[in-house]
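For reference, the structure discussed in these notes is given below.
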């Protein structure tokens, strides 16, 4: 039997959602992008075998906190948000999950849902991290800071081997200097074979010279 056809939006012509969930101009959820992505995250959490009972809190582009209940409805929290002081970095000292506003700045609308799904589901690879990782790494290597645009460069081939699977939707790099855009996230476990695991500390874009 053939695989079921992917949902296709008749408004923006992208797959993966229907017109009733489209936040592009003309869609039923036009201008409500954060709510759509948050609802998708909540649905992914519900489909997990051991989904957490406590609703997850999200923040929209205006800085307002909200949750998505078990029915998929968005509920805004009555929390006063103070305006950010000029010159204060938007990054905090504690890494948190990537919010939809940041995703919008680094990827196309067609990729938004894939990023959100990635962050809400467990990741795994067919490697044994016990034999494919360094035994000891300086903690400073895990520090994720935004990459200044003027310092971005196209990485060249170095002494550290890299492996890329053209059929994979997500790739890993152990070096922050490989990224042209990088944003901290809460440590995200990536399971390998033999019950091994490593943790991703950031997400972004990698530029390669092939």
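In the working numbering, the protein residues as written are -13 to 196.
We put the CB at the ideal spot given by N, CA and C, even for glycine.
All values reported here derive from a predicted model rather than from experimental measurement.
Residue 174, buried or exposed, once every other Cβ within 10 Å from all chains shown has been counted against 16: buried
For the candidate residues 180, -7, 21 and -2, whose alpha-carbon lies nearest to that of residue 11? -2
Using CA coordinates, which residue listed in 183, 14, 2 and 17 is at the minimum distance from residue 26? 2
So, is residue 21 buried or exposed, given that buried needs 16 or more other C-beta atoms within 10 angstroms? buried
Pull the bridge partners of residue 1 from the DSSP assignment, please. -6
DSSP state of residue 168 mapped onto helix, strand, coil: strand
Let's test the definition: count the other Cβ atoms within 10 Å of the Cβ of residue 66 and tell me whether it reaches 16, buried, or not, exposed. Its pLDDT being 47, under 50, residue 66 is placed unreliably by the model, and the measurement read from it follows with that caveat. Label assigned to residue 66: exposed.
With a 10 Å radius around its C-beta and 16 neighbouring C-beta atoms as the bar for buried, classify residue 28 as buried or exposed. buried
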